[in-house]
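**Q** So the sequences go chain by chain: X and Z. Each residue of the first sequence is one higher than the last, beginning at 846 in our numbering. Each residue of the second sequence is one higher than the last, beginning at 3 in our numbering. If you scroll down you'll find the structure; I have some questions about it.
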Amino acid sequence: MNIGLYVHIPFCRQKCLYCDFSSFADMDHLQDEYVAALCREITGQGGIFDEYIIDTVFIGGGTPTLLPAKLLVRLLDTLNSKLRIAAEAEVSIEANPGTADYDKLRLLREYGVNRISFGVQSFSSDLLKKLGRIHSPEEAVKAIEFAQKAGFRNVNIDLMYGLPDQTLADLDSSLEQAVSLGIQHLSIYGLKVEEGTPFYKLREKEQLNLPTDDIDEAMYDWINHTAPAKGFNRYEISNYAKPGYECLHNLKYWLYKPYIGVGTAAHSFVNGERRANISQVNQYIKIINQSHSPVEYHESVDEDTAMAEFIFLALRTVAGMSLKAFSNEFKVDFLKKFPSIVENLQARRLVDINEQGIKLTELGMKYGNVVFASFLPD
Amino acid sequence: MKKNNIRNFCIIAHIDHGKSTLADRLLEYTGALSAREMENQVLDQMDLERERGITIKAQAVRLEYTAKDGQTFMLNLIDTPGHVDFTYEVSRSLAACEGALLVVDAAQGIEAQTLANVYLALEHNLEIIPVINKIDLPSADPEKVKHEIEEVIGIDASEAILVSAKTGFGIEEVLEAIVKRVPPPEGKADNQLSALIFDSHFDAYKGVIAYVRVMEGTIRPGMKVRMMATDKKVEVTEVGVFRPSLTNVDVLGPGHVGFLAGSVKNVKDIRVGDTITDADNPILKALPGYRKINPMVYCGLYPVDSAEYDTLRDALEKLQLNDASLIFEPETSVALGFGFRCGFLGLLHMDVIQERLEREYDLTLITTAPSVIYKVYKTDGERIDIDNPSKLPPVTEIDHIEEPFVKATVIVPTDYVGAVMELSQEKRGEFKDMKYLDTTRVMLTYHLPLSEIIYDYFDRLKSSTRGYASLDYELFGYQTSTLVKLDMLLNGDPVDALSVIVHRDKAQSRGRQLAEKLKGIIPQQMFEIPIQAAIGNKVIARETVRAMRKDVLAKCYGGDISRKRKLLEKQKEGKKRMKSVGNVEVPQEAFMAILKID
Chain X
846 MNIGLYVHIP FCRQKCLYCD FSSFADMDHL QDEYVAALCR EITGQGGIFD EYIIDTVFIG
906 GGTPTLLPAK LLVRLLDTLN SKLRIAAEAE VSIEANPGTA DYDKLRLLRE YGVNRISFGV
966 QSFSSDLLKK LGRIHSPEEA VKAIEFAQKA GFRNVNIDLM YGLPDQTLAD LDSSLEQAVS
1026 LGIQHLSIYG LKVEEGTPFY KLREKEQLNL PTDDIDEAMY DWINHTAPAK GFNRYEISNY
1086 AKPGYECLHN LKYWLYKPYI GVGTAAHSFV NGERRANISQ VNQYIKIINQ SHSPVEYHES
1146 VDEDTAMAEF IFLALRTVAG MSLKAFSNEF KVDFLKKFPS IVENLQARRL VDINEQGIKL
1206 TELGMKYGNV VFASFLPD
Chain Z
3 MKKNNIRNFC IIAHIDHGKS TLADRLLEYT GALSAREMEN QVLDQMDLER ERGITIKAQA
63 VRLEYTAKDG QTFMLNLIDT PGHVDFTYEV SRSLAACEGA LLVVDAAQGI EAQTLANVYL
123 ALEHNLEIIP VINKIDLPSA DPEKVKHEIE EVIGIDASEA ILVSAKTGFG IEEVLEAIVK
183 RVPPPEGKAD NQLSALIFDS HFDAYKGVIA YVRVMEGTIR PGMKVRMMAT DKKVEVTEVG
243 VFRPSLTNVD VLGPGHVGFL AGSVKNVKDI RVGDTITDAD NPILKALPGY RKINPMVYCG
303 LYPVDSAEYD TLRDALEKLQ LNDASLIFEP ETSVALGFGF RCGFLGLLHM DVIQERLERE
363 YDLTLITTAP SVIYKVYKTD GERIDIDNPS KLPPVTEIDH IEEPFVKATV IVPTDYVGAV
423 MELSQEKRGE FKDMKYLDTT RVMLTYHLPL SEIIYDYFDR LKSSTRGYAS LDYELFGYQT
483 STLVKLDMLL NGDPVDALSV IVHRDKAQSR GRQLAEKLKG IIPQQMFEIP IQAAIGNKVI
543 ARETVRAMRK DVLAKCYGGD ISRKRKLLEK QKEGKKRMKS VGNVEVPQEA FMAILKID
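Now the structure itself:
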């Protein structure tokens, strides 16, 4: 059986002002110890992987490319030598354009990384500064060119919309710039101002000039008009790819496939159980060195909740949820299980149904949460 | 005990002037309860009463006091509710006494409610003993308060007792004054029985327990008695006194305060103010003052979760066991589904019942805006009473409408007279009188529509006088007013539970305020929601809740599905607290928005 592997690198040079992910800007002195601990966790996971073959790897963060070359090599070496990774596996890494020089990219490629995802967010110099990004648009362009030169044939760019002071024209020129770089994949996320971030505080003080609802919606519409026109087909709410370049690792999340996460704050989903590792770096290192489990959160998902998860994750994809996949998973007929919810959603033109499956309509894509929440158990 | 050694008294005080603390001290001093047994404020038994520092139900307690002259006295303290909603209950408690302690805060002086109750006590010829409490406060000014008592009430305050109930100072003097100044009860044991019911409560084992003051004759177990107003006949199974727990005795004689039980199932058979007499040897004329109490304020109570309807009904029935003034009947609202229209003595009563339902029965309720009873005279000559604005007939069928007016008394420092007059004017008040209590305080009298009082008059009064004003009111009668029904429409459909009856001159501004307020409360939904205020077919105000443009989680990051699911669960939970009205999701606060507009 196949499984995905997620590897978390919690270091950043600087925390972006909107970011609430598990990453730290002041822990660089722990990088050596962290990678050592991470390798120990990976080695310890060897047993679990006996029954699985890893067919996707995703090294995310934080900023994995912030690690110096020797630590990246140590990590990749461990992955390659200790785990059973399929020969054709998709191996992705996240990169910040400000931390990716040609040599490092070349090295990653050599050690089997075949997909790279650049967090660019915007090609507007002003906006990048306002987001607290460490790179310039020029650096982003250069990094992507380096990656291609280093042999990456599967490159993603992350962009954002709904940013403070962002205009539709800014977004359009970022989109244009991105697709002109010969990449294969685009992830375009709407900004969500999360509690605990500097943006949140600014918004509280009414100092965050977010686009109006109208503009935000226009941006969303513009993206979904422009990206496909440029050959990037939407395959998930926020993801677009040239045919055949969908991110296989992320698809595992949406299609309810198992994955294991290693490193701080990494999440796993195996045999219907969700787990998460401890998120503090020094604690993680300590626990691993004591040969204890870094898992701090366990959740056995009950049947009704599992069904809701299965549905809302699959509905994130443009292809939607296969009725057969649902009945295979739960031995229940989807339409018989949720007749009134489905009828209600259909009446509101939020979903389309045919013999194969159920999927969000274009309207449903915009109001995904309304659809998703309706399947949760009471 | 000899009748000459009985004293029946009550305490009249404004809220926070220290009535309950004084009562506690009296209990403690006379040993009715040891200090250890005392939880503060023994007489306020309900949690709610303790928390709010108010008395909702009357209570009674018997104290034994050995006076300085060596004689032992039986003192019956009847604690009265201290709120305008319960004026009738107060009057019945007063009727059971010969004397009253008038407790006035040494720093605050007399307040409107105190005044109303003192007048009631004077009507009943009670001996009034002024007690000036809180003399330990730095701002205490007993001389000024004495002067005020003499000026305003017209009784001699030269012998007013200075007390600090908090520290216990002056308590013995109070007890001595009760013994010396309150007259002993009259009445003869061999006369025909007459006893006044001043309260009741329901006991799961004994049935309804009537709190009584015997005027003439005696009550013993085994006797057959009759309630004169309800004509209910009962065999007395137990009689007893309050010590303060119920303690059985063999007989209650003239002048005694105690209880009787007789397997009465329904609290409505034991009405406050009714007279109990011997069924076999009845008196002919009942004691004066009884009246059937009618609710003044009505509102709809609906369970947020319609599955809780039965629980709500059971809870109301249980509360009614102890509270004959609470009435309710099933009601259906298009917007809110199945619920009850409930009648209350006033806003506090309504508030207390609602809070008890939520707290003691774990219900989540939607309360609709309170309404008074309107008398609607129709063009066909029929008159109907309307307690629910949505039931008002179409304008074309209405000849005219009358609404209840109250006589309101406001006591306020002179600095705020202007503010009170302005407010009362705005609230359609008719000025009646202004009297200086002393050089610093004024008593204003207005006739005001009750609907304005229950809307926001009291809150506005408090805020425009920095809390210095005190208010008392009594129902005064019905008067014709130019009233209209203001409907609120969501997405084009009128929402029955949001309708209000307002004065025509106010309709425009109320409609505009309501629409604005609702706009702030109703969350954005997938479509635009027009909010309209209308009188008949005429829209007088309009707001729009703009459509939510998008609602979707952008990113499912790093496989953390639990977190995303929890966000969705929160969203679903929030939706559960809303009522679907047509296709609009309306939060419960919306139905209360009508209550108050800030």
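Heads up, the beta-carbon is just placed ideally off N, CA and C, and yes, glycines get one too.
(1) In three-state DSSP terms, what is Z:SER141?
(2) Going by alpha carbons, who is nearest to X:GLU935 out of X:GLY1213, X:MET1166, X:PHE903, X:SER926?
(3) Quick check: the Cα distance between Z:LYS519 and Z:ALA536, rounded to an integer number of angstroms?
(4) At what residues does the alpha helix (DSSP H) containing X:ALA1110 begin and finish?
(5) Tell me the DSSP secondary structure of X:TYR1098 in three-state form.
(6) Are the beta-carbon atoms of Z:ILE13 and Z:LEU79 separated by less than 9 Å?
(7) Note the first and the last residue of the continuous alpha helix (DSSP H) segment covering X:ILE1132.
(8) What distance in whole Å lies between the Cβ atoms of Z:LEU359 and Z:LYS487, which are believed to be in contact at a cut-off of 8 Å?
(9) Three-state secondary structure (DSSP) at Z:VAL390?
(10) Could you work out which residues of chain Z lie near X:ASN1214, taking near to mean beta carbons separated by less than 7 Å?
(11) Are X:GLY964 and X:ASN999 close, meaning C-beta to C-beta below 9 Å?
(12) Do you know how far the Cα of X:LEU972 is from the Cα of X:GLY1089?
(13) Using a Cβ distance threshold of 8 Å, determine whether the segment 127-140 of chain Z contacts the segment 102-114 of chain Z, with at least three qualifying pairs required.
(14) So, helix, strand or coil for X:ASN1084, using DSSP?
(15) Contact check, X:PHE1175 vs X:MET1152 under 8 Å by CB: the rounded distance?
(16) Output needed in chain order: residues of the segment 1070-1090 of chain X with a Cβ under 8 Å from some Cβ in chain Z.
(17) Tell me the rounded alpha-carbon separation between X:ASN1078 and X:ALA931.
(18) Going by Cα to Cα distance, which pick from Z:VAL586, Z:ALA98, Z:ILE563, Z:GLN115 is closest to X:ALA1121?
(19) Going by DSSP, what residues sit across from Z:HIS2 in a beta bridge?
(20) Helix, strand or coil: how does DSSP classify X:ASN1122 here?
(21) Going by Cα to Cα distance, which pick from X:GLY943, X:LYS949, X:SER967 is closest to X:HIS980?
(22) Please confirm if Z:GLN426 has its CB atom under 9 Å from at least one CB of chain X.
(23) With a threshold of 16 other CB atoms inside 10 Å of the CB of X:LEU846, please say whether the residue is buried or exposed.
(24) Identify, in the order they occur along the chain, each residue of the same chain with its Cβ nearer than 6 Å to the Cβ of Z:ASN42, setting aside the five sequence neighbours on each side.
(25) Given a cut-off of 9 Å, decide if Z:ILE221 and Z:VAL238 are closer than it, judged by their beta-carbon atoms.
(26) Taking CB distances under 9 Å as the criterion, tell me whether Z:ASP495 reaches chain X.
(27) Measure the C-alpha to C-alpha separation of Z:GLU362 and Z:SER141 and round it to an integer number of angstroms.
(28) DSSP state of X:GLN1201, grouped into three classes?
(29) Does the contact criterion of 3 or more C-beta pairs under 8 Å hold for the segment 325-339 of chain Z versus the segment 371-385 of chain Z?
(30) I'd like to know if X:HIS853 contacts chain Z, where contact means its C-beta is closer than 9 Å to some C-beta of that chain.
(31) First and last residue of the beta strand (DSSP E) that includes Z:ALA212?
(32) Residues of chain X with CB under 8 Å from Z:ARG567, in chain order?
(33) Given that X:ALA1218 touches chain Z, what residues does it touch there, using C-beta distances under 8 Å?
(34) For X:GLU1144, which residues in chain Z fall below 7 Å Cβ to Cβ?
(35) Which residues of chain X have a Cβ atom closer than 9 Å to the Cβ of Z:MET490, listed in chain order?
(36) Would a check of beta-carbon distances place X:TYR863 closer than 9 Å to chain Z?
**A** According to the structure shown:
(1) In the second sequence, the residue the question calls residue 141 of chain Z occupies position 139. Coil, per DSSP.
(2) For the purposes of this step, residue 935 of chain X is taken as residue 90 along the first sequence, with counting starting at 1. It is X:PHE903 whose Cα lies nearest to the Cα of X:GLU935.
(3) Position 517 of the second sequence, counting from 1, holds the residue named residue 519 of chain Z. Position 534 of the second sequence, counting from 1, holds the residue named residue 536 of chain Z. Cα to Cα, Z:LYS519 sits roughly 15 Å from Z:ALA536.
(4) By 1-based counting over the first sequence, the position of residue 1110 of chain X is 265. Premise fails: X:ALA1110 is in no alpha helix (DSSP H) and is neither H nor E.
(5) As a working note, residue 1098 of chain X is residue 253 in the first sequence. In the three-state reduction of the DSSP assignment, X:TYR1098 falls in the helix class.
(6) Taking the second sequence and counting its residues from 1, one reaches residue 13 of chain Z at position 11. Taking the second sequence and counting its residues from 1, one reaches residue 79 of chain Z at position 77. Yes, they are a contact pair.
(7) The count along the first sequence starts at 1 and reaches residue 1132 of chain X at position 287. Run containing X:ILE1132: 1126-1134, per the alpha helix (DSSP H) assignment.
(8) Here residue 487 of chain Z is taken as the residue at index 485 of the second sequence, counted from 1. Here residue 359 of chain Z is taken as the residue at index 357 of the second sequence, counted from 1. About 28 Å; that fails the 8 Å criterion.
(9) For the purposes of this step, residue 390 of chain Z is taken as the residue at position 388 of the second sequence. The sequence given here has Asn at residue 390 of chain Z, not Val. Three-state DSSP puts Z:ASN390 in coil, outside helix and strand.
(10) In the first sequence, residue 1214 of chain X corresponds to position 369, counting from 1. Chain Z residues near X:ASN1214: ASP553, VAL554, LEU555, LEU570, GLN573.
(11) Numbered from 1 along the first sequence, position 119 holds the residue referred to as residue 964 of chain X. Numbered from 1 along the first sequence, position 154 holds the residue referred to as residue 999 of chain X. No; because the gap between Cβ atoms is not below 9 Å, this pair is not in contact.
(12) Along the first sequence, one-based indexing puts residue 1089 of chain X at 244. Along the first sequence, one-based indexing puts residue 972 of chain X at 127. Cα to Cα, the separation comes out at about 32 Å.
(13) The answer is yes - the segment 102-114 of chain Z touches the segment 127-140 of chain Z, with three or more Cβ pairs under 8 Å.
(14) Mapped onto the first sequence, residue 1084 of chain X falls at position 239. X:ASN1084 falls in the strand class under three-state DSSP.
(15) In the first sequence, counting from the first residue as 1, residue 1175 of chain X sits at position 330. In the first sequence, counting from the first residue as 1, residue 1152 of chain X sits at position 307. Indeed they touch by this definition, with Cβ atoms about 6 Å apart.
(16) ILE1082, SER1083
(17) Here residue 1078 of chain X refers to the residue found at position 233 of the first sequence. Here residue 931 of chain X refers to the residue found at position 86 of the first sequence. Near 27 Å, if we compare the C-alpha coordinates of X:ALA931 and X:ASN1078.
(18) Start at 1 with the first residue of the first sequence, and residue 1121 of chain X comes out as number 276. Comparing Cα-Cα distances from X:ALA1121 to each of Z:VAL586, Z:ALA98, Z:ILE563, Z:GLN115, the minimum goes to Z:ILE563.
(19) The structure shown has nothing for residue 2 of chain Z, since chain Z only spans 3 to 600.
(20) Taking the first sequence and counting its residues from 1, the one referred to as residue 1122 of chain X is at position 277. Assignment of X:ASN1122 by DSSP, reduced to helix, strand and coil, places it in the strand class.
(21) Counting from one through the first sequence, the residue named residue 980 of chain X turns up at place 135. Per the Cα distances, X:GLY943.
(22) For the purposes of this step, residue 426 of chain Z is identified with residue 424 of the second sequence, where counting begins at 1. Reading the sequence as shown, one finds Ser at residue 426 of chain Z and not Gln. For Z:SER426, the answer is no, since every Cβ of chain X falls outside 9 Å of its Cβ.
(23) Taking the first residue of the first sequence as 1, we reach residue 846 of chain X at position 1. Note that residue 846 of chain X is Met in the sequence shown, not Leu. Counting Cβ neighbours within 10 Å, X:MET846 comes out exposed, since fewer than 16 surround it.
(24) On the second sequence, residue 42 of chain Z is found 40 positions in, with the first residue counted as 1. Residue confidence for Z:ASN42 is low, a pLDDT of 49 falling below 50, so the modelled location carries little weight; the figure read from the coordinates is stated next. Once the five neighbours on either side are set aside, Z:ASN42 has no close Cβ partner at all.
(25) For the purposes of this step, residue 238 of chain Z is taken as residue 236 along the second sequence, with counting starting at 1. For the purposes of this step, residue 221 of chain Z is taken as residue 219 along the second sequence, with counting starting at 1. Taking 9 Å as the cut-off, the Cβ atoms of Z:VAL238 and Z:ILE221 count as close.
(26) For the purposes of this step, residue 495 of chain Z is taken as residue 493 along the second sequence, with counting starting at 1. Chain X, which has no Cβ nearer than 9 Å to the Cβ of Z:ASP495, makes this no.
(27) Here the question's residue 362 of chain Z lines up with position 360 in the second sequence. Here the question's residue 141 of chain Z lines up with position 139 in the second sequence. Each residue's Cα considered, the two are about 40 Å apart.
(28) Here residue 1201 of chain X refers to the residue found at position 356 when the first sequence is read from its first residue. X:GLN1201 falls in the coil class under three-state DSSP.
(29) Contact fails: fewer than three Cβ-Cβ distances are below 8 Å.
(30) Counting from one through the first sequence, the residue named residue 853 of chain X turns up at place 8. Yes, X:HIS853 lies at the interface with chain Z (some Cβ there is under 9 Å from its Cβ).
(31) On the second sequence, position 210 is the one that residue 212 of chain Z refers to. Looking at the DSSP string, the run of the beta strand (DSSP E) that includes Z:ALA212 is 209-218.
(32) Looking up residue 567 of chain Z in the second sequence gives position 565. By Cβ distance, chain X contributes THR1150, ALA1153, GLU1154, PHE1157, LEU1221.
(33) Sequence index remark: in the first sequence, residue 1218 of chain X carries index 373 (1-based). Near X:ALA1218 (Cβ distances below 8 Å), the residues of chain Z are LEU570, GLU571, GLN573, LYS574, LYS577.
(34) Counted from its first residue, the first sequence places residue 1144 of chain X at position 299. Neighbours of X:GLU1144 on chain Z, chain order: SER564.
(35) For the purposes of this step, residue 490 of chain Z is taken as residue 488 along the second sequence, with counting starting at 1. Correct list: empty, because the minimum Cβ distance to chain X is about 25 Å.
(36) One-based indexing of the first sequence puts residue 863 of chain X at position 18. So no, X:TYR863 is outside the interface.
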